[in-house]
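One point on numbering: in my numbering, the residue at position 221 of the sequence shown is 472, and numbering is uninterrupted.
Heads up, the thing below is written out as structure tokens.
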Amino acid sequence: MATHGEGGFSVFVGLRGSSQELGLEATNYYIYADDNLDQIMRRYYNSSRDEAAANIPLLFVTSPSAKDPTWDTRYPGKSTLSIITMAKYEWFEEWKDKPVHKRGDAYEDVKKTFVDAIMQTIFKLYPHIEDKVEYVSGGTPLTNQHYIASPRGEFYGMDHDMARTQIEAIATARPQTAVPNLYLTGQDVAVCGFAGALQGAFLCTSAILKRNIYLDAMQLRKRVQGSNGKKKN
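In structure tokens:
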């Protein structure tokens, strides 16, 4: 029923110049290599490690600094980009037992191949930043495994495939576990993404407190709306 989700690859970019100077917006970009997503995903995951970087199917691109209203005060003249895509754990698995920062030149070369391919797409989106790059760092599924303890470098926990959304699977996934006082929360209890993780948190809190937090939230909303109505009157 439950299987590992796909691994993720990240790129973090430091830039010289403010968001205004570089034209960075407080928004998210989803970049697809083609409009046939199923086809490009299959081609990517069927690629060998050496071929994969040339077949990256999609990128999520955002500027954390542009979204932070306090950034320019704290870090004037600097900006950042964060980029993520998917990557098979198997492409990097041979280095899984090597210590972080000491995985060797071959690992760094493979990582750089992905970073370079991703940055070429970024320069098409933001052609004017190419000579403003001061820092670039890439993270593989092994990076995720080390820093966030995802077993196979997953961004989104369990694989949210068709099997995961069947009635039996949904009914089985609960915050309670066989270990006393150990509860599951977040997206693995519900579905992936921000909204899914929030629902998982509601379910987990309800299980711990033994009360329906959804009803509490609805009642709080009514009280707030009632209070606002009285203020207007």
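Backbone N, C-alpha and C fix where the C-beta goes; we use that ideal spot for every residue, glycine too.
Judged by pairs of C-beta atoms under 8 Å, the stretch 346 to 358 does not touch the stretch 369 to 379, as fewer than three such pairs exist. Counting other Cβ atoms within 10 Å of its Cβ, isoleucine 307 reaches 16 or more and is therefore classed as buried.
Around the Cβ of asparagine 395, a 10 Å sphere holds 16 or more other Cβ atoms; the residue is buried. Between valine 262 and valine 387, the CB-CB gap stays under 8 Å. Leucine 266 is bridged by DSSP to Ser330 and Val384. Linking tyrosine 283 to phenylalanine 365 through their CA atoms gives a straight-line distance of about 16 Å. By the criterion of a C-beta distance shorter than 7 Å, tyrosine 434 is surrounded in its chain by Pro426, Gln427, Thr428, Cys455, Ala458 and Ile459, once the five residues flanking it on both sides are discounted. DSSP places glutamine 427 in the strand class (E or B) of the three-state scheme. Membership of threonine 416 in any beta strand (DSSP E) is not indicated, and neither H nor E is assigned to it by DSSP.
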